[in-house]
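Residue numbers (the numbering used here), protein chains in the order written: chain A, 1440 to 1669; chain B, 20 to 279.
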């Protein structure tokens, strides 16, 4: 029983780290993806080519490698060392360790690349006629985008976005390659230190329950936007 | 207007790729400036492990804490991935690797070692009642820690044909417990400390299967000026008997010749 409590409290701590990584990645990647998307769609060739190159690299190499590179390369190339939080508040300093920050940066950039392509698909799926109709009605380009196009785009990108977001919560496990103490890291510590394998499956249960909640949430969101039927 | 914004954006992105700042400071100075000595470890009894209160303890952990004290800084022990130990050190994430590390020539090309403080060998661990003999290890399924001295022994000394490289020495023991491997090759220091007890009660050290003489040392960045301080510290702790007492407490074999 005591062991059970210990396993659950340690896995709980790991899950909090995983959730923080998940939430902060989304907060950073959703707007960053939009910026990348506009860069890719820009009519200014060097910018669009450059951002296409970035998206290619980010989508074309394993996330695990990117996490590794972002954490170790700056120090190895003598560029900079990831700053250590020093607020004196132990929980905060330990949670947002250099390892966590590096993983967060890697995740945010990687997911922004995927999001940018989803946004692009959504924006380009709106028929040209709508822009022309807006122009005829005397709306500016800005007005057409924010008042007519954007809401339809949001509705269209929700299914692919929910797919990516569900993948993200499981991808947080990759942070354990640089020893971020997230859920899988904690579960594996039970395996290496105590020779217990079942905590790993309990950890799987944590992900499963959370993905279940996300699925219900996105289902409701899709229903709510149903009145937009084209 | 749009073109100007685009140009600025491109410039900003390019600039961020070339940010650089100076990190060329002496190790002793930067440790003292930071007020802490960061020591990279894995959970590896009896050298580094957590006690019942979740505090770091063990032969290496106690020495590391004392060394930090002599420098007048705090000791921060962090768990690293053993595969990444050289990258951790060279990217300034940690200052020392102090984890019963075997000082091999191969590793010595990439990092510096302190004076050696302990002796070690590799042994084979099997399930109790296993029919495997020392001669048979070669053809058995061998589990080793990736990048460890045990892995080198399995490949070069034993010339094993079926080697499973796992993340940590305890993982290698778990492989044997689970039956996914027949034998694990790990450090004798650790084997004596855990095999036959607790969750590893069903394991035993295989008779006659002991390989190589190795030495343990602390790992430092190449050319680090911490080495002089660390060597003096280790020798002083041997001279005043502290290390001998620790060695008895944790059942570690000191490398007395090097420490004199």
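A virtual CB, placed ideally from N, CA and C, is assigned to each residue, including glycine.
Fair warning: this is a prediction, and the values are worked out from it, not measured in the lab.
Under a Cβ-count criterion, where at least 16 other Cβ atoms within 10 Å of its own Cβ denotes burial, should residue i be classed as buried or exposed?
| i | result |
| --- | --- |
| residue 41 of chain B | Any reading at residue 41 of chain B must be qualified, since the residue scores a pLDDT of 43, below 50, and its modelled position is unreliable; the value itself is stated next. Exposed is the call here. |
| residue 1539 of chain A | buried |
| residue 78 of chain B | buried |
| residue 114 of chain B | buried |
| residue 1528 of chain A | exposed |
| residue 1498 of chain A | exposed |
| residue 246 of chain B | buried |
| residue 1496 of chain A | exposed |
| residue 1624 of chain A | buried |
| residue 1450 of chain A | buried |
| residue 45 of chain B | exposed |
| residue 1602 of chain A | exposed |
| residue 70 of chain B | exposed |
| residue 38 of chain B | Interpretation of residue 38 of chain B is limited by its pLDDT of 49, a score under 50 that renders its predicted location unreliable; no figure is taken from the coordinates. |
| residue 96 of chain B | buried |
| residue 267 of chain B | exposed |
| residue 1594 of chain A | buried |
| residue 64 of chain B | buried |
| residue 220 of chain B | exposed |
| residue 59 of chain B | buried |
| residue 1513 of chain A | buried |
| residue 1440 of chain A | exposed |
Are residue i and residue j close, meaning C-beta to C-beta below 7 Å?
| i | j | result |
| --- | --- | --- |
| residue 1467 of chain A | residue 1478 of chain A | no |
| residue 271 of chain B | residue 208 of chain B | yes |
| residue 1507 of chain A | residue 1622 of chain A | no |
| residue 110 of chain B | residue 277 of chain B | no |
| residue 1618 of chain A | residue 100 of chain B | yes |
| residue 1494 of chain A | residue 1552 of chain A | yes |
| residue 1646 of chain A | residue 1609 of chain A | yes |
| residue 172 of chain B | residue 231 of chain B | yes |
| residue 1502 of chain A | residue 1613 of chain A | yes |
| residue 187 of chain B | residue 162 of chain B | no |
| residue 1596 of chain A | residue 1561 of chain A | yes |
| residue 147 of chain B | residue 88 of chain B | no |
| residue 210 of chain B | residue 105 of chain B | no |
| residue 92 of chain B | residue 138 of chain B | no |
| residue 1584 of chain A | residue 1472 of chain A | no |
| residue 1505 of chain A | residue 1549 of chain A | yes |
Between which two residues does the alpha helix (DSSP H) harbouring residue i extend?
| i | result |
| --- | --- |
| residue 1511 of chain A | 1502 to 1515 |
| residue 1591 of chain A | 1589 to 1610 |
| residue 1524 of chain A | Where residue 1524 of chain A is concerned, there is no enclosing alpha helix (DSSP H), given that its DSSP letter is neither H nor E. |
| residue 262 of chain B | 261 to 269 |
| residue 108 of chain B | 104 to 109 |
Where do the N-terminal and C-terminal ends of the beta strand (DSSP E) with residue i fall, by residue?
| i | result |
| --- | --- |
| residue 1483 of chain A | Taken as a continuous stretch (DSSP letters only), residue 1483 of chain A belongs to no beta strand (DSSP E), as it is neither H nor E. |
| residue 1558 of chain A | No beta strand (DSSP E) contains residue 1558 of chain A, which is instead part of the alpha helix (DSSP H) from 1537 to 1563. |
| residue 237 of chain B | 222 to 239 |
| residue 254 of chain B | Run containing residue 254 of chain B: none in the beta strand (DSSP E); it sits in the alpha helix (DSSP H), 245 to 258. |
| residue 1650 of chain A | First-last for residue 1650 of chain A: 1637 to 1663, but that is the alpha helix (DSSP H), not the beta strand (DSSP E). |
| residue 1616 of chain A | It is not in any beta strand (DSSP E) - residue 1616 of chain A carries neither H nor E in the DSSP assignment. |
| residue 120 of chain B | 115 to 121 |
For residue i, is the beta carbon positioned less than 6 Å from some heavy atom of the ligand FMN?
| i | result |
| --- | --- |
| residue 224 of chain B | The ligand FMN is absent from the structure shown, which contains no ligand whatsoever. |
Run down chain D in chain order and give the residues with a C-beta less than 7 Å from the C-beta of residue i.
| i | result |
| --- | --- |
| residue 1632 of chain A | Protein chains in the displayed structure are A and B, and chain D is not among them. |
For the structure I just gave you, are there three or more beta carbon pairs, one from the region 1541 to 1555 of chain A and one from the region 1566 to 1574 of chain A, closer than 8 Å?
no
When Cβ atoms are compared, which residues of the region 1449 to 1481 of chain A fall closer than 8 Å to chain B?
1478 and 1481
Stretch-stretch touch, CB-based, cutoff 8 Å, three pairs: the region 1647 to 1660 of chain A with the region 1490 to 1501 of chain A:
Taking one beta carbon from each stretch, the region 1647 to 1660 of chain A and the region 1490 to 1501 of chain A have fewer than 3 pairs nearer than 8 Å; the two do not touch.
Inter-stretch contact (C-beta, 8 Å, three-pair minimum) for the region 229 to 243 of chain B and the region 120 to 131 of chain B
yes
Beta carbons nearer than 9 Å to chain B: which residues of the region 1510 to 1521 of chain A have them?
1510, 1511, 1512, 1513, 1514, 1515, 1516, 1517, 1518, 1519, 1520 and 1521
Got a sec: which bits of the region 1634 to 1651 of chain A sit with their beta carbon under 7 Å from any beta carbon on chain B, in order along the chain?
1634
Going along the chain, which residues of the region 1596 to 1619 of chain A sit with their C-beta nearer than 9 Å to a C-beta in chain B?
1615, 1616, 1617 and 1618
Using a Cβ cut-off of 9 Å, which residues of the region 196 to 229 of chain B contact any Cβ in chain A, in chain order?
196, 197, 217, 218 and 219
Between the region 182 to 197 of chain B and chain A, which residues of the former have a C-beta closer than 9 Å to a C-beta of the latter?
186, 187, 188, 189, 190, 192, 193, 196 and 197
Chain A contacts made by the region 98 to 121 of chain B, where a contact means CB separation under 7 Å:
98, 99, 100, 106, 109, 110, 111 and 112
Using a Cβ-Cβ cut-off of less than 7 Å, give me the residues of the region 58 to 69 of chain B that come near chain A, in sequence order.
62
Against chain B, which members of the region 1533 to 1562 of chain A pass a CB distance test of less than 9 Å?
1536, 1537 and 1538
Below 9 Å between beta carbons is the criterion; list the residues of the region 1494 to 1510 of chain A that meet it against any residue of chain B, in chain order.
Correct list: 1507 and 1510.
Would you call the region 46 to 54 of chain B and the region 190 to 205 of chain B touching, i.e. three or more CB-CB distances under 8 Å?
no
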